[in-house]
Amino acid sequence: MKHYINNINLNPPYPEDNKKIIFGMGCFWGAERLFWQIEGVYVTVAGYSGGSKENPSYEEVCSGITNHAEVVLVVYDPKKVVLEDLLKVFWENHDPTQYMRQGNDIGSQYRSTIYIYDDEDYTLCNKSKFKYENILKNVGYGEIKTEIEFHKNFYIAEEYHQQYLAKIPNGYCNHGFCQAEYKK
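Quick note, the sequence shown lines up with residues 1 to 184 if you use the working numbering.
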């Protein structure tokens, strides 16, 4: 399967000097579009992560029985874009204070989550969460519910979900609002 925008293979291997991070921030259609537009991002892949079943289908994930989240795998070149820039996009484009939902999308598959691959990213993501939570509290929001965990699994979503908003430009998207600016 190839990326609809840049024609890069969605499956590994990826360039060795690239890094990976997985973001869950509600529906993966809009989330993926946010990240594929960033210079330095090699490829984005819509998928499922954090659940118990191998290779779940969209229907199984939406039922809530697998406990997977809709996520976007972001493969990026750290010489061109730093993780904190990706985190800024993540924090500012969904409501991390909501639990098991994003706006009208309700269920565990829409939870706010970050799956990381190494200790350095784990530390940076948690510092970032703490910093943004303080910013949000200063403007009247509650605590951040985002889960930050080490990557356990990632399953590529069905082809029709990949780069969905490039194929259907007016398709559903609940991303783009910003409660408060994330200051690096």
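No residue lacks a Cβ here, since even glycine has one placed at the ideal position from N, Cα and C.
Which of helix, strand or coil does DSSP assign to residue i?
i, result
"G51", "coil"
"K79", "coil"
"L10", "coil"
"D105", "strand"
"E147", "strand"
"A157", "coil"
"A69", "strand"
"K88", "helix"
"Y42", "strand"
"K19", "strand"
"K2", "strand"
"G30", "helix"
Roughly how far, in whole angstroms, is the beta-carbon of residue i from the beta-carbon of residue j, given that I think they are within contact range, below 8 Å?
i, j, result
"I114", "I148", "5 Å"
"K145", "Y99", "5 Å"
"Y80", "E39", "Checking the displayed sequence, the identity of residue 80 turns out to be Lys instead of Tyr. Between E39 and K80 the Cβ distance is about 6 Å, and since that is below 8 Å, they are a contact."
"C27", "Y172", "7 Å"
"Y4", "A166", "5 Å"
When you compare each of the options to residue i by their alpha carbons, which one comes out closest?
i, options, result
"E92", "I168, G47, S128 and N9", "S128"
"N11", "Y42, K131, D118 and D121", "Y42"
"N174", "I8, D17 and D95", "D95"
"C178", "F150, Y132, H151 and I168", "Y132"
"G142", "N126, D85, F130 and L83", "F130"
"M1", "I168, K184, Q162 and P169", "Q162"
"S52", "T123, Q102 and H151", "H151"
"E16", "P78, V82 and T97", "P78"
Start-end ranges of the beta strand (DSSP E) lying completely within the stretch 110–139, minimum 3 residues: Counting whole runs of 3 or more residues, the stretch 110–139 contains the beta strand (DSSP E) stretches 112–116.
At least three beta-carbon pairs within less than 8 Å, the stretch 30–47 to the stretch 153–169: yes
Sufficient close CB pairs (3 or more, under 8 Å) joining the stretch 5–21 to the stretch 128–139: no
Cβ pair count under 8 Å reaching 3, the stretch 59–67 against the stretch 102–118: The stretch 59–67 makes contact with the stretch 102–118, as at least three CB pairs between them are under 8 Å.
Meets three-Cβ-pair contact criterion under 8 Å: the stretch 66–82 and the stretch 28–38: yes
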